[in-house]
Every structure is written in structure tokens, then in C-alpha cells.
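Chains A, B and C, in that order, are what the protein sequence lines are. Counting from 1, one number per residue, gives the positions in the first sequence under the numbering used here. Counting from 157, one number per residue, gives the positions in the second sequence under the numbering used here. Counting from 313, one number per residue, gives the positions in the third sequence under the numbering used here. All C-beta atoms, glycine included, are put in the ideal place defined by N, C-alpha and C. Just so we're clear, the structure is a prediction, and the values are computed from it rather than from any experiment.
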Amino acid sequence: MTQKPEYIHIKYTKPRYYRWSTGKYMGKVYKEARDNKKLVTNRCPKCGELLWHPEPVCGRCKVYAGEDWVEMSDKGTVLQYTYLVVPMWNPHMGERWANPYPLASIKLDNGCYIYHFLEEQDPEKLPKVKRVQAVWKEEGRGQGLGDILYFRAIEE
Amino acid sequence: MSEKIEQVEGLDAFIVEGKIDIPNTYSAGAVGSRFLIELRDNKKIMGIRCPDCNRVYVPPKSTCKDCFGQLSEWVQVSDKGTLITYTVDCHSNNVQPVEPPIIYGIIRLDGADTGLVHMLGEVDLEQVKIGMRLQAVFKEKRVASVLDIKYFKPLA
Amino acid sequence: MANRVAIVGIGQTYHKNKRPDVNMPEMVNEAVRAALVDAQLRPKDIEAVITGNMETFEGVYLPDHWMAVEAVAFRTPGFKVSTGGTTGASAVEEGFNFVASGLCDVALVIGFEKQDTGDTTAAITACSTPVWGKGMATGAIGEFAKQALTYMEKSGAKEEHAAMVRLKADRGACRNPYAHLKLGLKSVEEILQSGYLVWPIRLLDFCPQSCGACALVLASEGRAGKITKKPVWMADMITIHQLPFRAGIFGDITGTEPYSQEVAAEKLYERNGITNPIRDIDMAEIYEPSNWEEMSLYEHFHFCEKNQGWKMVEKRMTEIEGEFPVNPSGGVLATNPIGATPTIRIAEAALQVRGDAGEHQVTRDVKTAVATALGGSNWTVMTLLKRSL
């Protein structure tokens, strides 16, 4: 008679709490989003590229990027998108969650690529969503990129 | 998904409070499970012996530290032992098994060649001495955990 | 290069979904013992030990300290490497550096991951966006979903081609005793019926989460010949990084991004006189997290022209009996203990060069093989192995 051996498992379920600093570069993004409903980033003095997310150093040129802040357009073109079908464990919430909004790579009109959500949730209509514009929260801003609710499809 | 975000005084920087909450499940393995099951079912403390080096490991290991042999000879060790060293934890954090102050000791049980880390109880801090004799106290309700031993108390 | 380096011992665990019967050090011990037996060496012959592991996936801090005895690392020089998906290959590169520089003559490299301990997708989501993107990351799988869509649109590949790649991986896995997922898949239709996880990636399109370890023994030229009659020479290794946050990490619809795979392949081929990859190299073990990415990787590594990767699949060129076999072991689609996976790619390519791959040995004679690793925001590590230098 073979008995199935008993294996012991030790569970550890405590969350680890953190306090993350945005630093002054990302902090500028938070401030402009909260106060002025604008997206800003900095520009490399050598190659002139917009650096998203704002960086102290340009990765390509390896020079200090400084604080030449540029306002980014809040309109863009959707490059690619995806959406969750099965809810996945979200470590920042401590539970399974399927974001109802699709996540997209969007090219903003003056050059940067940004990840954000799309308002359109219908899989049939998603391939037609090309030109989009940011929809800002009216109240309760101060969450950085979370101040933009999603990008809405526009006719252009 | 809003969390506490506060601006740093006088700077364009923000502190984002958040958490990383991913539950983990650690396997004790076949060897570890046997040790824990013997604590739970029989209030026995088991070790593993290396026949070539004549060393008894408590808690048990499947590989010998000195000869790399694969070990399988189980022996029971006493629930009484000698205190090798100790320290006192006065600071509170959320991963401790009990409230501080906690006296952690390394105890060499009679019959073992290694030390077991555990807590001391039923003793005042001034009475704790290196070399004192100790006795394990088991909990009434045991769950196959190293905390099935409540603490080690001075041997009368 | 000061010293030439060869792989003289290979060991793996039997990779599984869950391993409740061992804790992490005991699992690593299985691979280490297998590698030592393969190399016919004793623990005291190992002069340095490099381990590779991503700590967040198991939530164990400093696992290499925990397993010092089981990994023959007690009182031996070495350290742990964590570079995301490329961890196992970076660990091999570190071992290679130890031996090539003359710091030691025999090194042991171990890649491992015990993924039944935690939730890997959650861990990847956690490490990618602590401040500016809560809820935005969808783990690694979201990025590969976007790659799959881009590939479908740009190259004309169909879901049937992706399913054929999955069938090939399963056929190889069923012939590989160490592989994790041996599903016995029979047809393209069977795969097209499995559900979507993150659209358009189906459950069967993506790699599993496995528990496993893989160990390699590396030796310098002076010692390799004394240890084994079949050393596998590490002719070259290259690591290329990429910036994050661009048009598309793995699939770029604008066509403007340089891929780390292309840069790595071009440099490696140029340094080693390879002008026609599928003629000059005999087989490849590539790191493909999804079947769509595999077709893209054929193009990035210049096994075929741009947008033609799916044609290689249609013509069955990459099967075990094919003209240019890719992933005869089942690849990452069948087995993925993240820290070990790139080490397994190098180990499987080395087994092919030695002729020791058993039932999944390819038909073509393998004198030169290439093994790759992929990770993070699209980093690449490429290794070139040869039977004789």
C-alpha cells in the first residue's frame, strides 16, 4: 500500500510597503499634469530628441540632458494595442484584476511613444481606433500619468 | 487605484507610497516536510546523520556540508539542549512571530551537531546565560511549522 | 582572449510544473550532481561557482547563500547574477570570463528558478512600473501580444503558422526527457481551439512557468582535454542591450527600431567569419517566449529575409529533420524556468554538438551551433559553440 507523501508548504502573504521617489525629472511631469493638465518632457541638447520618460542623461548621446522642458501634444496615433482576457495578479493592488481598458502603444504628435489606455473596449472596433486624444481627470489629479483617464478615439 | 502621493517640500518631486504584494508559497521539500510533520504529529525533533562524517544536522539537510554525501539516515534528537549564543530583538516589524522583546537563541540540542535558531521563553533577560540548559515547550495546537515549538524554557 | 573555454559537463533537472518534494537548494543540487557526474569531477575540483536567478520570482533574498552547500559553493569564489530573462546566459558569460581570464581553470555555472513559489507575471509587473504606470504593465505577455499583432500585420503570417511552430515545439519536447510540457498535440486545429490569455496570445502560444535548474561545467583549454573526450568549445559570446520605452519592445510597427538581436547577430557573425548563417551554422537553440516571436527571431538573426520567417515554418525548414533545425528540444514554449532557460539553451546546443541529445538529436551533423537568450526590455545574449576551434 503506497500512501501519497504529505508535503508541507509555507505561505508568505504579507505585502512589502515602499515609498518611491519620483525624483525631480518625473516629478515635473506629475506637477504639470496636476496643475496644468499638460504632459511635459525634456529634450537632449545634442540630438534634440524628446526623452520619454524625462531622463537626466540622454541614453544615445551619453550627455547630460538638462531641464529643457517641452510640452507634448496630447493627441497621437495608436501603434499597437492589447487587452487582458484572463485577470492577472496585480502586485500593486494585491489581488487579481483585469483592466477593462486596452493597453496601447501610442505615438504622440511631437514624437514620443507612450503607454496608456484606450477608451474603446469593444474588440471589434479596436482595429479602427487610430487617432486618439487624452481625456484628463477633472478633479483629484496628482497621480502622474494616472491623471489621464484614457485616450479617446477622435475623427481626423 | 489611488495611493498616497505627496509633494516634497520646495521641490518638483513627489513621494509615491505603494506596495508590492505577491503571495509566495515555499516548499519544505520531502526532507523538510518530515521534520515538520514529526513536530506536529509526535512532538519529536528529528535530525539527519551523515555516516561518513558522523555529524547530525538539525534541522535536517539532504546534503552533507563537508563530504557532499546524499543523506538519508534519520535520527531523533533530544528536546533538551544547550544555549550557544543569543540576542534580544526590541524593534517591532511586521514579520516577527510574536511581539517584541524577543530573545532569539541558537540552541544545540543533545544529539545534534548543529545549532537550531529559536526563541526563549519563561525566562527573564538577566537570567539568560550562554551555556544554560534549555527544554523545548510544544504548543497544544500544532500545524507542521517550526513554531510548533512555542519556545525553549530553562531546564529546571 | 587569454584562455579558450570549453563546456565539459552538462546537467539538468527534469523540469516540472511543481516540485513539492524539494526545496530550492535540493532542486539545484540535482542539476549540480548531474553535471558533476557528466564531467566525472568531484566537488573539490570546482574552483568557482556562478549562480543565476531572479529573486523576485520566488521572493527569496540571496538564494545563493542558502544553497552554498548544495551548489558546491561553500568556501568557493563566485556570485549570483540577475539580468531578467537573460540571467542564465549572463551567468554562463560570467563563468566564461572567470575561466578565460585565468582566474580559475574549472568553473560551475548554475541557472535555476522554482516558479511554483510565486507568481512570475505579477513579479514582472511589479518590477517594471513602480512609479509611473500602475495598471499599465501586463507582464511580459502583454508585450508579446503586441508583437504578435504587429507581426501578423506586417508579414502576412497567419495563426496557422504560429500553431505549426507550437506543434514543432511539442514534437521536440515529447522526445526530450527533461522537457516540462509534453502535451502530445496532434493538429493545428487543436491549438486554434485553446483560449486567449492576452489577445492574440492563446494559452498554448506562450511559455509555461516551470521549476528547474541547469548546470554547466566550464574548463580552460589546458584542463578540458583531460576531463572529457568531447569538449564543446565556446567560440564567442555577446551581450547587447536596448533602451526601454520605445515604439515597440519586441515588435515595432513603425519599422524604425534597431533590435538587439540584429545587432548581436551582425557583430557575432562578423567576428567569426559567418556570411551565410543557415549554411555556416548547423542548428540554433533560440529563446522564444511565444511562437509568434520565434518567427520574428528567424528574421532578426538573419536565418531568412525580413517578413519571411513564417515561410521557413511553412517549408518545415526548422524541424528536427529539416535543413536548419531550431529548438529541437522543445524550446522555451515547452520548458521555462526563467533563471535556467538560457542555460538550458546553451546546454541543449552543446548536447547537439556532442551528439548526445538522444531522441531529439537533429539529422544534420552539428559542428557549429548558436544559442540565444532574450530578456527584460529586449536584451540579447548570443553564444557560439563549436566542436573544434
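Grouping DSSP H, G and I as helix and E and B as strand, with all else coil, what is residue i?
i        : result
MET336/C : helix
VAL703/C : Since the first residue of chain C shown is 313 and the last is 701, residue 703/C is not available in this structure.
PHE369/C : helix
TRP52/A  : coil
CYS246/B : coil
THR429/C : helix
TYR260/B : strand
MET624/C : helix
LEU353/C : coil
GLN486/C : The question names Gln, but residue 486/C in the sequence shown is Cys. CYS486/C: helix per DSSP, three-state reduction.
GLN133/A : strand
THR398/C : helix
PHE170/B : strand
ASN341/C : helix
SER602/C : strand
THR462/C : helix
ALA708/C : In the structure as shown, chain C starts at 313 and stops at 701, and residue 708/C therefore has no counterpart that could be examined.
MET157/B : With a pLDDT of only 43 at MET157/B, under the threshold of 50, the placement of this residue in the model should not be trusted; the figure read from the coordinates follows. Coil.
ALA457/C : helix
List the residues of chain A that residue i touches, going by C-beta distances under 8 angstroms, in chain order.
i        : result
PRO332/C : TYR7 and HIS9
THR433/C : MET88 and TRP89
ILE171/B : ARG19, TRP20, SER21 and THR22
LEU461/C : GLN80, TYR81 and THR82
ILE161/B : TYR30, GLY142, GLN143 and GLY144
Use the C-beta contact count for residue i: other C-beta atoms within 10 angstroms, 16 or more gives buried, fewer gives exposed.
i        : result
LEU97/B  : The structure shown has nothing for residue 97/B, since chain B only spans 157 to 312.
PHE391/C : exposed
LEU353/C : buried
ALA314/C : exposed
GLU455/C : buried
ALA460/C : buried
LYS698/C : buried
GLN554/C : buried
THR399/C : buried
PRO127/A : exposed
ILE8/A   : buried
THR243/B : exposed
PRO337/C : buried
ASP35/A  : exposed
ASN341/C : buried
MET157/B : Model confidence at MET157/B stands at a pLDDT of 43, short of 50, so the residue's coordinates are unreliable and nothing is read from them.
SER234/B : exposed
GLY651/C : buried
Round the Cβ separation of residue i and residue j to the nearest angstrom and send it over; I've been treating them as touching at under 8 angstroms.
i        : j        : result
THR692/C : ILE658/C : With a Cβ gap of about 14 angstroms, THR692/C and ILE658/C do not count as contacting.
THR630/C : LYS426/C : Contact doesn't hold; Cβ gap of about 31 angstroms is too wide.
GLU370/C : THR429/C : 4 angstroms
LYS328/C : SER602/C : Not really, about 21 angstroms apart at Cβ, beyond 8 angstroms.
ILE161/B : GLY142/A : 6 angstroms
LEU509/C : ILE453/C : 6 angstroms
THR325/C : ALA351/C : In fact, because the Cβ distance is near 17 angstroms, the residues do not count as touching under 8 angstroms.
LEU51/A  : TYR81/A  : So it is not a contact: roughly 24 angstroms between Cβ atoms.
LEU79/A  : ILE106/A : 7 angstroms
Quick one: which chain A residues come within Cβ less than 7 angstroms of residue i?
i        : result
GLY174/B : TYR18, TRP20 and HIS92
LEU555/C : GLY59
ASP168/B : LYS24, GLY27, LYS28 and LYS31
Show which residues of chain C have a CB atom less than 9 angstroms away from the CB atom of residue i.
i        : result
SER301/B : Ordered by position in chain C, no residue passes the 9 angstroms Cβ test against SER301/B, which lies about 15 angstroms from the chain.
ASN180/B : GLU370, GLY371, VAL372, THR429, GLY430 and ASP431
Determine the chain B residues that contact residue i at a beta-carbon separation under 8 angstroms, and present them in chain order.
i        : result
ASN341/C : SER218 and THR219
PRO15/A  : LYS175, ILE176 and ASP177
Could you tell me which chain B residues have their CB closer than 9 angstroms to the CB of residue i, listed as they occur along the chain?
i        : result
GLN121/A : Correct list: empty, because the minimum Cβ distance to chain B is about 18 angstroms.
TYR12/A  : PRO179, ASN180, THR181, TYR182 and VAL251
Which chain C residues sit within Cβ distance under 8 angstroms of residue i?
i       : result
LEU50/A : Under the 8 angstroms cutoff, chain C gives no residues; its nearest Cβ is about 11 angstroms from LEU50/A.
VAL85/A : GLY507, TYR508, LEU509, VAL510 and TRP511
Which chain A residues are close to residue i, counting only those with a beta carbon under 9 angstroms from its beta carbon?
i        : result
ILE565/C : LEU79, GLN80 and SER105
LYS458/C : LEU79, GLN80, TYR81, THR82, LEU103, ALA104 and SER105
THR437/C : MET88, TRP89, ASN90, PRO91 and HIS92
Task: the stretch 353-367 of chain C: positions lying closer than 7 angstroms to chain B by Cβ - done: PRO355
TODO: Could you please tell me which residues of the stretch 502-516 of chain C, in chain order, have their CB closer than 9 angstroms to any CB of chain A?
DONE: GLY507, TYR508, LEU509, VAL510, TRP511, PRO512, ILE513 and LEU515
Open item on the list: Please list, in chain order, the residues of the stretch 182-193 of chain B that have any C-beta partner in chain A closer than 8 angstroms.
Closed with: TYR182, SER183, ALA184, GLY185, ALA186, GLY188, SER189, LEU192 and ILE193
Task: Near-chain C residues of the stretch 96-108 of chain A (beta-carbon distance less than 8 angstroms), N- to C-terminal order - done: TRP97, ASN99, LEU103, SER105 and LYS107
Task: Proximal residues, the stretch 111-144 of chain A versus chain B, C-beta separation under 9 angstroms - done: GLY140, GLY142, GLN143 and GLY144
Task: Positions along the stretch 372-394 of chain C whose CB lies within less than 8 angstroms of some CB in chain B - done: VAL372, VAL381, GLU382, VAL384 and PHE386
Open item on the list: Can you pull out the residues from the stretch 60-75 of chain A whose beta carbon lies closer than 7 angstroms to at least one beta carbon of chain C?
Closed with: none
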